[in-house]
Each structure stands twice: as C-alpha cells, then as structure tokens.
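Here the structure comes first, spelled out in structure tokens, and everything after it is commentary.
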Amino acid sequence: MPRERTHLRYQLYRSRARKLAGINTAHLQHELERAGPTVLDLSRVRFEAISAQALNAFERWDDPHFSWGEVVGWKAREPLALDLAIWFDEVLCGLCFANPNNSRQRIRIVRLEGCPGGVHPLKNRIAPLAILVIEQYAQIIGSRFIEVQEPLEGAISIYQQLGFYFDAEGRLVKALESLVS
Amino acid sequence: MRKVIKKSPTKKSSPTTENKPIAVELTASQRHILQVIATGTETEEPSLLAGRP
Chain A
1466 MPRERTHLRY
1476 QLYRSRARKL
1486 AGINTAHLQH
1496 ELERAGPTVL
1506 DLSRVRFEAI
1516 SAQALNAFER
1526 WDDPHFSWGE
1536 VVGWKAREPL
1546 ALDLAIWFDE
1556 VLCGLCFANP
1566 NNSRQRIRIV
1576 RLEGCPGGVH
1586 PLKNRIAPLA
1596 ILVIEQYAQI
1606 IGSRFIEVQE
1616 PLEGAISIYQ
1626 QLGFYFDAEG
1636 RLVKALESLV
1646 S
Chain B
7 MRKVIKKSPT
17 KKSSPTTENK
27 PIAVELTASQ
37 RHILQVIATG
47 TETEEPSLLA
57 GRP
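Chains as they are written, first to last, in this note's numbering: chain A, 1466 to 1646; chain B, 7 to 59.
Rendered as structure tokens:
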C-alpha cells in the first residue's frame, strides 16, 4: 500500500482511538456524578496528538526527562505509531509515544511521562489514561499485546494494577482481549 | 395548484439527548482501567513511566 495512504489510514485510527477514550472518560464522569458529588471533572480531560501546541506547553514543564520535540521526526518515520498528549483543559499533564511492531501484534510503549514536579490535575492517572487510549488503538489495528519498554522500577506496580505481567522473556506485557458482548 | 411545503433538511436534535454521553462497548479490561482512572493509582505515580532518558 502506498506510504501516503498508510499515513492517512493510521492517522484516522489514532484519531478514533483518542476520541473513543474521550467518550469513555466523559461517560465515566457522567456515571460518577450520578453516584454523588465528585472532586475531579474527567469531562475536562482531552486526548490529542503531540502537536505544536503540546510541544509549546511541554516547554513550560520543569526539568522533564525527555526531549519530546524529537517525536516530530519519529512520527514522520513511523506511520503506525501512536502519539498522545493528555490535557486537563489547557494544562498539559502527560505525553506518550507507542509504536506497533511490523506485524502489529505488539504495541510497545516507548515513552510515557507525566508532567514532572509538583502536582498536576491528573496526578496518579496518567498511566491508566494513556493505557486506555493505547488499548483502543490496539483494538482498532488488531494488536494482541501491549509492552512497556524499559519501565521505571517505581512504575511497575502501577502497570501491574492495570493488568500487566512479566512474560517468560521478562517483558512487561498485557494480553488484550476482544470485546465482551 | 397547491403549494408544497418542504421540510427543513437539517435534523433537529432533542434537547434531552444532545448533551448525553454516548455509551461505547467496553472490554472488561477497559472497564477496569476506567475504575483506576476514577480512583487514581494505588501507588504514587512517578513522572517517568516508560522509556530511558
């Protein structure tokens, strides 16, 4: 398939995954409000691509671990990759880059970072929000596993809470299921 | 000849449904993730979650 068409097709898939995750969090907020008053308003969470606007907001992060500007080049080279900026209104709270392998059976989370230092509105929710979008994307493109590339020691228990485990080769993975009818 | 009254082609949405979130079919895993989103992670989330700087 021509590269340009692949680019467009996967752009649509990425967009759909982010949109579905947004619908899910909005729906969750609706459910929480029905149960009683809530502190956090999840309807203000936005899932976007890593755009120029996201990179501008990233410039205001204090002492980040990565240089996310590099992702612009990666996006051009990897048409199947998923880039994700997690916003709470106008606050950039997290950035993620995940890339499927050639067979698309496995998606690797190459980078995931929350806004460093201090407290942002989505503290302790960045990993699950990112995994929500990645799972949607995996479902769309037919992947069977999500793998965390080089997870930080202190983050492993968070991934395990989200259903990840170490496989026989010592990789931190999550097997994906099909939709429950 | 009688005048034909044309209906507006724009579909008017119901005010009761327009702000209602759309339900999406979820896997058990996605439901679990949403639960964690609602409560926050059990352990303090570090800012670096994956990848080697």
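C-beta atoms are modelled at their ideal positions from N, C-alpha and C, and glycine is treated no differently.
When CB distances to chain B are screened at a threshold of 8 angstroms, the residues of the region 1569-1581 of chain A falling below it are Ile1574, Val1575, Arg1576, Leu1577, Glu1578, Gly1579, Cys1580 and Pro1581, in chain order.
The three-state reading of DSSP puts Gly1501(A) in coil, since its state is none of H, G, I, E or B.
Asn1521(A) carries a helical assignment under DSSP once its states are collapsed to helix, strand and coil. Our two residues, Glu48(B) and Ile1606(A), have alpha carbons roughly 30 angstroms apart in a direct line.
Ala56(B) is bridged by DSSP to Leu1577(A) and Pro1616(A). By the neighbour-count definition (other C-beta atoms within 10 Å, threshold 16), Gln1494(A) is a buried residue.
Gln1518(A) and Gly1628(A) have their C-alpha atoms spaced approximately 32 angstroms apart. If you compare the alpha carbons of Leu1497(A), Arg1470(A), Cys1558(A) and Val1575(A) with that of Arg1525(A), the shortest gap goes to Cys1558(A). Listed by position along chain B, the residues whose Cβ is nearer than 7 angstroms to that of Lys1588(A) are Glu51. Below the 9 angstroms Cβ cutoff, chain B contributes Ala44 as neighbours of Leu1497(A), in chain order. Contact annotation for Ala1620(A) against chain B: Glu51, Pro52, Leu54, Leu55 and Ala56 [CB-CB distance below 8 angstroms, chain order].
Beta-bridge partners assigned by DSSP to Trp1552(A): Arg1511(A) and Leu1557(A). For Lys1639(A), no alpha helix (DSSP H) segment is defined; the enclosing uninterrupted segment is the beta strand (DSSP E) at Leu1637 to Ala1640. In this model, Arg1479(A) and Ala1595(A) are separated by some 13 angstroms (Cα to Cα). Per DSSP, Thr45(B) is one residue of the alpha helix (DSSP H) stretching across Ala34 to Thr45. In the structure shown, Pro1565(A) falls within a strand segment according to DSSP collapsed to helix, strand and coil. Taking the Cα positions, Val1536(A) is about 18 angstroms away from Ser53(B). Membership of Val1598(A) in the alpha helix (DSSP H) is indicated by the continuous run Ile1591 to Ile1606.
Here Val1598(A) is buried: its Cβ has 16 or more other Cβ atoms, across all protein chains shown, within 10 Å. Taking C-beta separations shorter than 6 angstroms and ignoring five residues to either side along the sequence, the partners of Cys1561(A) in its chain run Leu1549, Leu1577 and Ala1595, following chain order. If you compare the alpha carbons of Glu1498(A), Ser1568(A), His1472(A) and Phe1512(A) with that of Ile1488(A), the shortest gap goes to Phe1512(A). Excluding its 5 nearest sequence neighbours in each direction, Lys1540(A) has C-beta neighbours in its own chain below 7 angstroms: Ala1546 and Asp1548, listed in chain order.
Nearest CB-CB separation between Pro1616(A) and chain B: below the 9 angstroms threshold.
Residue burial is scored here from C-beta neighbours: Tyr1630(A) has fewer than 16 other C-beta atoms within 10 angstroms and is therefore classed as exposed.
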